[in-house]
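Each remark here refers to the structure printed beneath this line.
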Amino acid sequence: MFSVKRVEENPLLSPHLDHPWEAAAAFNWCPVMHAGTMHAVYRAMAQPELMDDKHLQLSVVGHALSKDGFHWSDRKPFIQPEYDWEKYGCEDPRVTKFGQNYYIFYTALGSYPFRPDTIRIALAKTRDFKKITEKHLVTPFNAKAMALFPEKINGKMAALLTVHTDLPPAHICYAEFENEEDIWSEAYWKNWHDNLDAHRLEVRRRPADQVELGAPPILTDAGWLVVYSHIQNYFAGKPIFGVEILLLDRNNPRLIIGRTKWPIMTPEAQYEKTGVVPNIVFPSGAMLDGNRLVIYYGGADTHCCAASVDLGNLLAAMKEGSFQSHITRFTGNPIISPRSGVKWEEGGTFNPAALEINGKIHLLYRAASDDYVSTIGYASTTDGFSIDDRPTEPVYRPRDIFESRGCEDPRVVMLGSVIYMFYTAYDGITPRVACTSITKDDFIARRWNWTKSFVVTPPFIPDKDAAIFPERIKDKYLFIHRIENFICGQYINSMDFSKEKIIECIEILGPRRGLWDEEKVGLATPPIKTDKGWLLLYHGVSEHTIYRMGAALLNKDNPTEVLARTAMPLLEPSEEYERVGKVPNVVFPCGAVLRGDAIFIYYGAADTTIGVATVSLNAILKSLI
């Protein structure tokens with residue numbers, strides 16, 4: 014369980030109009046420490062120019078200095094074309110300190126128009142970033158993105174590189190060198206390439222994907238951490254550039270012992286979505302800063318940017334099957350299932366709201382009949398797990414024309430002595446949000462004297478997954494809901510929905526392309542107030558229509574601002590009752606109760622039954638802060 018935080022100062026380097034050699038773009042950078050100062054090498058691209066009767070944008074490797082990692086100065090060209098094999102550009106450097114030298118591997122372009130056989134890896138060595146001491150062409154075949162390990166592996170120098178990037182499929186591969194000279198030995202590489210399959214790391218998930226090494230390997234107690242670029246749908250159209258991470262065995266880096274299950278980043282920020290090549294995040298460097306891993310990447314092939322993640326949380330999440338280990342399902346799940354002979358439940362009992370009053374947890378759940386018209390049922394539990402009471406009749410039924418085909422997916426919030434229930438009102442055409450209320454006294458006494466319900470969202474616009482923040486925000490109520498695939502908000506003056514109407518959509522949270530929540534997101538449970546901000550549990554839907562649950566932290570004073578968001582889901586369908594049912598592969602929480610540090614999360618499973626799981630509030634907050 015972890016979140017990725019982009020540096021607020023992003024972008025950290027951008028094109029410099031007064032420097033012709035980097036006037037078009039400055040991106041794909043790799044910083045390293047030297048003599049107490051951060052030195053960054055990066056790809057710098059000029060505006061189009063005429064060269065050999067051809068118009069091209071020449072790339073060189075730039076160099077910049079920083080004391081704090083945020084403010085950079087003394088920008089200058091550092092590696093420029095000198096030889097025929099790099100005549101048309103020097104791109105995408107990776108730097109590693111090994112011994113007394115800094116080894117900078119970069120892409121050398123030897124022809125224009127570019128041809129795969131002249132897109133190769135080159136090496137520049139320096140001791141002090143003041144001058145280059147050696148330059149060599151490394152690979153005689155098409156390859157890019159090479160980086161040296163910072164120490165010997167089993168007594169040998171070692172590196173990772175990406176082979177056949179322009180003659181796909183590309184592969185991230187491992188190489189070892191008896192002597193430094195082997196790094197640029199054509200004979201060595203011919204023999205190595207003849208046995209290419211023996212050197213490959215199996216990284217791609219699907220044939221349509223493309224992979225490329227990102228940052229030089231970083232040694233941790235758990236193994237070698239390798240940040241890389243995983244591009245989904247690269248050969249199928251609409252590519253999604255993502256940042257992913259591998260964990261390699263310390264003594265045998267050919268062995269992948271852990272990896273992220275999805276991208277931890279895809280293009281979201283404006284500087285990642287707009288630029289020379291839109292919608293790109295491309296990792297090229299990484300560094301440990303205390304307990305955080307800092308990832309350096311290019312945004313839209315235009316800017317140099319950075320983001321960070323808690324190292325411990327990341328490593329824990331990369332272990333096989335561990336990303337859900339922080340959440341505990343009740344072993345007696347499902348706690349509510351359809352009862353034989355109860356017709357209004359025959360189609361399923363799921364998606365429960367939850368509210369604790371005087372030590373008892375009350376559940377209001379969606380029940381579907383055999384013709385799939387939904388009503389609201391009631392159950393209660395004292396210990397949070399075992400159901401104490403469950404009447405045989407619904408406590409809320411459709412009453413108006415706008416909900417003639419069902420009342421679905423309730424969320425409840427108590428304000429003072431009044432309990433408000435928000436639900437999806439369905440008329441068979443357009444789902445909309447409706448609200449009713451009941452006094453606390455009537456609710457406890459089970460006198461189901463619900464007030465007249467009001468549909469609060471506009472006609473002809475599908476709207477679901479709604480609730481209200483449980484206290485005023487600057488003297489207003491913040492209504493939260495989902496339109497299409499986004500979570501939205503609107504401030505209202507009162508809870509009188511005979512007058513208040515929801516007509517605005519302040520975007521709070523949206524889908525992330527290429528991640529587990531790429532198709533749509535919606536509110537799960539009403540927001541939970543914490544010392545760090547508002548905890549928002551939400552459901553996310555993948556391209557394969559799998560419903561999972563994630564978390565976000567919202568600003569306490571301005572909850573439309575997202576402070577952090579989990580990169581991985583907290584809960585996904587894994588048990589049979591979550592994977593098999595009326596709608597397979599669904600976990601859909603609508604209610605949560607906080608008891609001490611434990612959050613009791615009540616969720617619908619496969620649109621058929623109800624489960625409960627617990628998770629530590631502190632653990633979630635630690636992953637988000």
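Every number in the working numbering is 13 more than the matching position in the sequence shown, counting from 1. All residues carry an ideal CB built from backbone N, CA and C; glycine is no exception.
May I ask you to list the residues that DSSP assigns as paired with residue i?
i	result
ARG379	PHE363, ILE389
THR538	Its beta-bridge partners do not exist; DSSP assigns none.
SER16	THR579
LYS274	BP columns for LYS274 are empty, so no partner.
THR452	VAL431
TRP237	LEU232, LEU261
TYR560	VAL554, VAL599
ILE481	PHE492
ASP302	ARG305
ILE185	THR175
SER242	GLU225, VAL256
VAL628	ILE340, ILE612
PHE467	CYS448
HIS68	LEU63
Whole angstroms are fine: how far does the CA of residue j sit from the CA of residue i?
i	j	result
MET508	VAL426	12 Å
CYS43	SER297	6 Å
ARG561	GLU191	48 Å
ILE696	ALA632	One cannot answer for residue 696 here, as it falls past the ends of the chain, which runs 14 to 638.
CYS420	TYR439	7 Å
GLU35	MET64	17 Å
TYR433	LYS453	10 Å
ILE231	LYS100	32 Å
ILE612	VAL606	6 Å
ILE516	ARG418	24 Å
SER72	ILE496	44 Å
GLU589	THR579	25 Å
GLN93	ALA160	19 Å
TRP98	THR131	7 Å
LEU268	THR362	45 Å
PHE162	TYR241	15 Å
LEU136	GLY75	15 Å
ILE370	ALA380	23 Å
GLY311	THR120	15 Å
GLY397	GLY609	13 Å
TYR116	LYS148	10 Å
ARG19	ARG460	51 Å
THR663	PHE111	The structure shown does not extend to residue 663, since the chain spans only 14 to 638, so no value can be given for it.
ALA188	THR152	12 Å
GLY168	ARG263	13 Å
PRO407	THR388	6 Å
CYS317	LYS251	23 Å
VAL108	GLU164	13 Å
ARG424	ALA172	54 Å
LYS487	ILE258	42 Å
Quick one: is residue i buried, meaning 16 or more other Cβ sit within 10 Å of its Cβ, or exposed?
i	result
SER430	exposed
HIS68	exposed
ALA48	exposed
ARG88	buried
HIS84	exposed
TYR490	buried
VAL468	buried
MET58	buried
LYS533	buried
Apart from the five residues just before and just after residue i, which ones in its own chain have a Cβ nearer than 7 Å to its Cβ?
i	result
VAL355	THR405
ASP314	ALA38, PHE40, GLY288, VAL289, VAL290, ILE293
HIS32	ARG88
Who are the near neighbours of residue i in its chain, counting only those whose CB is closer than 6 Å to its CB and skipping five residues on each side?
i	result
VAL176	ALA156, HIS184, CYS186
LYS477	THR437, PRO444, ARG495
ILE505	TYR490, PHE492, GLU513
GLU574	ASN568
HIS212	CYS186, TYR187
PHE343	PHE398, VAL625
Using a Cβ-Cβ cut-off of 8 Å (strictly less than) and excluding sequence neighbours within five positions of residue i, which residues of its own chain qualify?
i	result
MET14	ASN326, ALA329, ALA330, PHE336, HIS339, THR579, MET581, LEU583, ALA632, ILE633, SER636
SER350	THR362, THR621, THR622, ILE623
Threshold first: 3 residues or longer. Then list the beta strand (DSSP E) segments lying entirely within the segment 508-536, N to C.
519-522, 533-536
Where are the alpha helix (DSSP H) runs, 4 residues long or more, that stay fully inside the segment 309-362, in chain order?
324-331
Taking the runs of the beta strand (DSSP E) that are 3 residues or longer, which of them lie wholly in the segment 106-183?
114-122, 132-139, 147-150, 156-161, 170-176
Can you give, in chain order, each stretch of the beta strand (DSSP E) that sits fully within the segment 14-55 and has at least 3 residues?
17-19, 38-47
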